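Enquirer: Please read through the structure below; I'll follow up with questions.
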Amino acid sequence: MINLLIQLCFKRRQLIWVIAALLTAYGYFCWVNMTVEAYPEIGDVTTVVTTQVPGLAAEEVEQQITIPLERALRNTPGLVTIRSSSTFALSLITLVFKDGTEDYFANQRVLERIGTVTLPPGITPGLGPVSGPGGEILRYTLESDSRNLMELSEIQRWIVVPALKEVSGVVDVTNFGGFTKEFQLEVDPVKLAQFGLTLQDVISAINANSVNAGGGRVVRGEKGY
């Protein structure tokens, strides 16, 4: 068979040269149009369901959040593997789908299953961003001799992060550290008792007066303000 092939190559030299030229041209075309990625999508199609449950212990998170979600998600179309982790105030469920499954299709199916689960009031599961296997690829710090950590945190949240998210290819930016402005209210139980109030009354009053609303319009005669 090899001898016949060699003889054919010598007898049909012009044909062999034409085939070689076509293969060379096709190879050059593929090389020029080949997509090159720094972090190619070689990992599994994965969706992460994250649920924050402030104040609940790991066992309660597992019983009230993780297990009900797992039961609803196990029959998701295309699902291969499901893993979960329950820690203090946090539930993480990782779902791995078959190769070839479209990321946004998988997320849509997961959201549909989550919508069928009844969870404690105020608890809303969320999906992680659609990202590749490279994961976290860059860390940076903000440092200043004239600004404190709270000011640097404000710059990070309102200037740096929005600018980075506009860069093509950036999926998400996660903030670590820094100070966040907060208001702490210390309640005196004795004075509450003197005025006949409870702690819940104070919480309700704060919630009722901590609402942002849009501007309105006041009309007086023919004038409007």
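In the numbering used here, each residue's number is its place in the sequence shown (first place is 1) plus 3.
Glycine is no exception: its CB is placed at the ideal position from the N, C-alpha and C atoms.
Source: prediction; values computed, not measured.
By DSSP's criteria, residue 227 is part of a beta bridge. Which residues make up the other side?
Expert: Within the sequence shown, residue 227 is the residue found at index 224, counting from 1. The partner list for residue 227 (beta bridge, DSSP) reads 222.
Enquirer: The beta strand (DSSP E) spanning residue 55 covers which residue range?
Expert: What you label residue 55 is simply residue 52 of the sequence shown in a count that begins at 1. From DSSP, the beta strand (DSSP E) with residue 55 extends over 48 to 55.
Enquirer: What do you reckon, are the CB atoms on residue 115 and residue 96 nearer than 8 Å?
Expert: Translated into the one-based positions of the sequence shown, residue 115 becomes position 112. Translated into the one-based positions of the sequence shown, residue 96 becomes position 93. Going by C-beta atoms, residue 115 is not nearer than 8 Å to residue 96.
Enquirer: Do residue 54 and residue 131 have their C-beta atoms closer together than 8 Å?
Expert: The count along the sequence shown starts at 1 and reaches residue 54 at position 51. The count along the sequence shown starts at 1 and reaches residue 131 at position 128. Result no, Cβ atoms of residue 54 and residue 131 do not sit closer than 8 Å.
Enquirer: Who are the Cβ neighbours of residue 68 in its own chain at under 7 Å, not counting the five residues just before and after it?
Expert: What you label residue 68 is simply residue 65 of the sequence shown in a count that begins at 1. 54, 56, 94, 122 and 126.
Enquirer: My assumption, with CB atoms under 8 Å, is that residue 70 sits in contact with residue 77. Please give the rounded CB distance.
Expert: Here residue 70 refers to the residue found at position 67 when the sequence shown is read from its first residue. Here residue 77 refers to the residue found at position 74 when the sequence shown is read from its first residue. Incorrect: roughly 11 Å between the Cβ atoms, too far for contact.
Enquirer: Quick one: is residue 223 buried, meaning 16 or more other Cβ sit within 10 Å of its Cβ, or exposed?
Expert: Walking along the sequence shown from the start, residue 223 turns up at place 220. It counts as exposed.
Enquirer: Whose CA, out of 146, 35 and 99, lies closest to the CA of residue 79?
Expert: Taking the sequence shown and counting its residues from 1, one reaches residue 79 at position 76. That would be 99, whose Cα lies nearest to the Cα of residue 79.
Enquirer: Quick one: what's residue 183 bridged to in DSSP?
Expert: One-based indexing of the sequence shown puts residue 183 at position 180. Per DSSP, none; premise fails for residue 183.
Enquirer: For residue 16 and residue 4, what's the separation of their Cα atoms in angstroms?
Expert: Residue numbering aside, residue 16 sits at position 13 when the sequence shown is read from its first letter. Residue numbering aside, residue 4 sits at position 1 when the sequence shown is read from its first letter. Whole-angstrom Cα-Cα distance: 18 Å.
Enquirer: Got a sec, what are the start and stop residues for the beta strand (DSSP E) residue 87 sits in?
Expert: Locating residue 87 in the sequence shown gives position 84, counting from the first residue. First-last of the beta strand (DSSP E) with residue 87: 82 to 90.
Enquirer: Where does the unbroken alpha helix (DSSP H) through residue 97 begin, and where does it stop?
Expert: Against the sequence shown, residue 97 aligns to sequence position 94. Per DSSP, residue 97 belongs to no alpha helix (DSSP H); it is in the beta strand (DSSP E), 93 to 100.
Enquirer: Since residue 172 is in the alpha helix (DSSP H), which residue starts that stretch and which ends it?
Expert: Looking up residue 172 in the sequence shown gives position 169. From DSSP, residue 172 is part of no alpha helix (DSSP H); its letter is neither H nor E.
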